[in-house]
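2 protein chains.
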Amino acid sequence: MREKLEKYYSFVFEKELIDEIVQVGVYKKLRENEILVDLGDKMKGIPLLLEGAIKIVREDKNGEEILLYFLERGDTCASSFASAISNGKCGIRASAEKESEIIFLPKEKLDEWMLKYKSWRTFVIESYNIRLNEMMETIDSLAFMNMSERLYKYLTDKAQIMRETSLNTTHQDIAYDMHTSRVVISRLLKQLENEGKIKLHRNKIEILEF
Amino acid sequence: MREKLEKYYSFVFEKELIDEIVQVGVYKKLRENEILVDLGDKMKGIPLLLEGAIKIVREDKNGEEILLYFLERGDTCASSFASAISNGKCGIRASAEKESEIIFLPKEKLDEWMLKYKSWRTFVIESYNIRLNEMMETIDSLAFMNMSERLYKYLTDKAQIMRETSLNTTHQDIAYDMHTSRVVISRLLKQLENEGKIKLHRNKIEILEF
DNA sequence: ATTATTTTGTGATTTAGATCACTTAATTTA
DNA sequence: TAAATTAAGTGATCTAAATCACAAAATAAT
Chain V
2 MREKLEKYYS FVFEKELIDE IVQVGVYKKL RENEILVDLG DKMKGIPLLL EGAIKIVRED
62 KNGEEILLYF LERGDTCASS FASAISNGKC GIRASAEKES EIIFLPKEKL DEWMLKYKSW
122 RTFVIESYNI RLNEMMETID SLAFMNMSER LYKYLTDKAQ IMRETSLNTT HQDIAYDMHT
182 SRVVISRLLK QLENEGKIKL HRNKIEILEF
Chain E
2 MREKLEKYYS FVFEKELIDE IVQVGVYKKL RENEILVDLG DKMKGIPLLL EGAIKIVRED
62 KNGEEILLYF LERGDTCASS FASAISNGKC GIRASAEKES EIIFLPKEKL DEWMLKYKSW
122 RTFVIESYNI RLNEMMETID SLAFMNMSER LYKYLTDKAQ IMRETSLNTT HQDIAYDMHT
182 SRVVISRLLK QLENEGKIKL HRNKIEILEF
């Protein structure tokens with residue numbers, strides 16, 4: 002734990018803060034598709050992502066969902082932070098897109114560290130900013146882009162996060178994330194393949210052009 | 002200034018913090034439609050809203066825009082905070098939806114107060130949370146609602162923020178905010194009128210049902 | 001190997017919303 | 001008061017995406 006923490010966070014946190022995190026943080030390994038936070042959960046702390054990729058989705062009353070963004074190593078879940086601090090409920094679901102490793106930080110420390118460590122304050126504010134910007138990007142795609150553009154962005158974004166040039170996914174899964182139908186995705190994917198941007202396989206999409 | 006500050010913020014901030022705000026804050030009155038923050042601006046501080054209503058919109062490269070949310074008294078602009086702290090650019094435009102009063106807080110104090118005042122920390126985190134939640138609501142509308150539902154939500158939300166049951170606006174203005182066309186808005190408004198939810202006038206929409 | 005299941009492909013149809021083109025009504029300006 | 005401008009109404013057409021209804025592969029289960 003300390004090793005990875007230092008690898009990804011030593012340029013973010015002071016040494017003393019890293020020491021504290023090692024002391025109070027709870028290491029957890031998430032298997033693929035494991036749910037980390039569910040709708041309406043009250044958070045007892047926040048996760049610090051060491052390795053892997055976490056998908057954050059929003060769900061409406063009819064159980065339909067839409068992808069908000071992905072988290073990767075170095076990220077934390079701003080929504081959890083919010084929920085942890087204010088004892089409120091979390092309006093999102095977070096699930097591991099692949100095997101991931103996190104450190105769970107107890108909420109008692111969150112405010113304490115705000116006083117003690119400048120790097121923690123910066124990290125928290127930075128995290129919120131990144132998240133706000135991600136949300137704006139999501140709004141941009143929904144408001145200004147057509148399905149084909151959104152789809153291509155989804156594929157390249159996800160590939161980036163997963164650190165792979167191929168995605169192991171089905172058309173139906175993409176449709177869920179983008180809140181549309183499988184038929185639409187299948188047709189647009191075929192179109193992107195004809196344009197030479199991707200190559201389709203069963204359960205797998207190769208991205209040829211970024 | 003002190004008077005309004007105490008009226009709306011005395012339950013939020015400690016007395017000492019209010020004193021400091023009075024000392025370093027710059028009071029500003031915004032006339033209707035005045036632009037407070039524009040796309041790409043670097044913020045030298047953040048606005049604290051005393052009175053009025055501020056509209057926050059996002060614009061894409063083609064100059065098309067979409068409403069993100071409104072701010073009302075007691076709110077601050079989280080995007081500005083982000084931008085001010087990190088010296089980055091602001092990805093939004095903020096304009097006064099009606100005559101408003103703000104206090105401009107210099108960015109030098111933002112981090113200093115994080116150390117000194119628990120209430121300031123809470124306020125900053127709370128503001129971010131509120132904004133994240135607003136953004137999620139915006140995403141919900143875009144992803145899950147049809148135009149008619151979005152329109153009705155827009156009207157009732159805006160009326161709430163403006164503290165009026167009638168809105169002085171044109172169909173075209175609504176169309177800009179919702180990133181659609183005037184024709185679509187006109188037809189849906191007529192429909193809502195037929196359903197008895199609103200009453201249409203020239204340059205004015207009465208909301209009959211909330 | 002045969003059957004069942006999952007994933008993908010594809011035609012046909014429908015629909016919300018976009019776009020075009022123009023009219024009518026209200027308000028402002030000259 | 002007449003002309004110009006701005007706001008709103010409305011028919012016609014178009015299109016992206018949704019929906020329905022299957023067929024055809026690929027893979028997994030028996």
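Chains as they are written, first to last, in my numbering: chain V, 2 to 211; chain E, 2 to 211. The beta carbon of each residue, even a glycine, is placed where N, CA and C say it ideally should be. Predicted model only: the values in this text are computed from it and were never measured.
Sorting V:L116, V:N88, V:E98, V:S101 by C-alpha distance to the C-alpha of K108 of chain V places V:N88 at the top. Taking all protein chains shown into account, G41 of chain V has fewer than 16 neighbouring C-beta atoms within 10 Å of its C-beta and is therefore exposed. In this structure L190 of chain E touches L201 of chain E by the C-beta definition: roughly 6 Å separates them, less than 8 Å.
Among the CB atoms of chain V, none fall inside 8 Å of the CB of N88 of chain E. Rounded to the nearest whole angstrom, the C-alpha separation of K205 of chain E and S167 of chain E is 7 Å. Contacts with chain V (Cβ-Cβ distance below 7 Å) from the stretch 50-65 of chain E involve R59, D61, E65, listed in chain order. Per DSSP, F145 of chain E has no beta-bridge partner at all. Taking the beta carbon of G92 of chain E as reference, the chain V residues within 8 Å of it are N134, M137, listed in sequence order. Of the candidates V:F82, V:N34, V:Y153, the residue whose Cα lies closest to the Cα of K56 of chain V is V:N34. L31 of chain E sits close to G53 of chain E, with the two beta carbons spaced by under 8 Å. If you look at S84 of chain V, you'll find it isn't in any beta strand (DSSP E); it sits in the alpha helix (DSSP H) that goes 79-87. Non-local C-beta neighbours of F211 of chain V in its own chain, meaning closer than 6 Å and more than five positions away in sequence, comprise T157, ordered along the chain. In terms of Cα proximity to N169 of chain V, the closest of V:R3, V:A160, V:A176 is V:A160.
Secondary structure note for Y10 of chain V: its alpha helix (DSSP H) is the uninterrupted segment 3-10. The bridge partners DSSP lists for G46 of chain V are V:P107. For R122 of chain V, at least one C-beta of chain E is nearer than 8 Å to its own C-beta. If you look at V27 of chain E, you'll find it in the beta strand (DSSP E) that goes 27-31. By the Cβ test, the stretch 127-138 of chain E is in contact with the stretch 128-136 of chain V, since at least three Cβ pairs between them sit closer than 8 Å. Per DSSP, S120 of chain V has no beta bridge partner at all. DSSP places E150 of chain E in the helix class (H, G or I) of the three-state scheme.
Excluding sequence positions up to five before and after R74 of chain E, its CB lies within less than 8 Å of the CB of Y9, L50, L51, E52, G53, all in the same chain and listed in chain order. Counting along the chain, the unbroken alpha helix (DSSP H) around I175 of chain V starts and ends at 172-179. With a threshold of 8 Å between beta carbons, I140 of chain E makes contact with chain V. Interface residue (Cβ-Cβ distance to chain E less than 8 Å): S80 of chain V is classified as such. Taking the Cβ atoms as the reference, W121 of chain E lies roughly 14 Å from L6 of chain E, outside the contact range of under 8 Å. For a cut-off of 8 Å, the C-beta gap from D178 of chain E to L37 of chain E is around 17 Å, too long to register as a contact. For the stretch 108-119 of chain V, the beta-carbon criterion of a distance under 7 Å to any beta-carbon of chain E is satisfied by D112, M115, L116. Look at the stretch 191-204 of chain E: it has no residue with a C-beta under 7 Å from a C-beta of chain V.
Residue V:R183 holds the alpha-carbon nearest to the alpha-carbon of T171 of chain V among V:E138, V:V23, V:E165, V:R183. With respect to chain E, the C-beta atom of A144 of chain V has a partner C-beta closer than 8 Å. Listed as beta-bridge partners of I57 of chain E by DSSP are E:Y70, E:A95.
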